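Peer 1: Numbering (the numbering used here), first residue to last: -2 to 70.
Ideal Cβ placement from N, Cα and C applies to all residues, glycine included.
These numbers come from a predicted model, not from an experiment.
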Amino acid sequence: MSVASVIVGCLAALGLLLGLIPFFGWTNWFITLPLGIVGLVVAAIGNSRPGLILCGVVLLLAGLRLMLGGGII
């Protein structure tokens, strides 16, 4: 479970990097946030501290990007 959460977190991080490019912020809604939440749940079930940290940071940065871009008011 811990390896799965880190892999899902890495995929979410790649989606976050894509979402930082202007006009690709929508990927945060449809790729980054769902993958980050799934990774966070899997990490919580598997007691994976690195997975929790990775997915938590990705979700925090994706939320910050959405707030700055006007996606979350």
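Between Leu49 and Ala40, how many whole angstroms is the CB-CB distance? I'm expecting something under 8 angstroms.
Peer 2: Your numbering for residue 49 matches position 52 in the sequence shown. Your numbering for residue 40 matches position 43 in the sequence shown. With a Cβ gap of about 4 angstroms, Leu49 and Ala40 count as contacting.
Peer 1: Leaving out five residues on either side along the sequence, give the residues of the same chain with a beta carbon under 7 angstroms from the beta carbon of Ala9.
Peer 2: In the sequence shown, counting from the first residue as 1, residue 9 sits at position 12. Within the same chain, Ala9 has close Cβ partners Thr29, Leu32, Gly33, Gly36, Cys52, Val55.
Peer 1: Taking all protein chains shown into account, do 16 or more other C-beta atoms lie within 10 angstroms of the C-beta of Leu63, making it buried, or fewer, making it exposed?
Peer 2: Position 66 of the sequence shown, counted from the first residue, corresponds to residue 63. It counts as buried.
Peer 1: List the endpoints of the continuous alpha helix (DSSP H) containing Ser(-1).
Peer 2: On the sequence shown, position 2 is the one that residue -1 refers to. First-last of the alpha helix (DSSP H) with Ser(-1): -1 to 16.
Peer 1: Between Pro19, Val38, Cys7, which lies nearest to Gly67 when the distance is taken from Cα to Cα?
Peer 2: If you number the sequence shown from 1, residue 67 lands on position 70. Among Pro19, Val38, Cys7, the Cα nearest to that of Gly67 is on Pro19.
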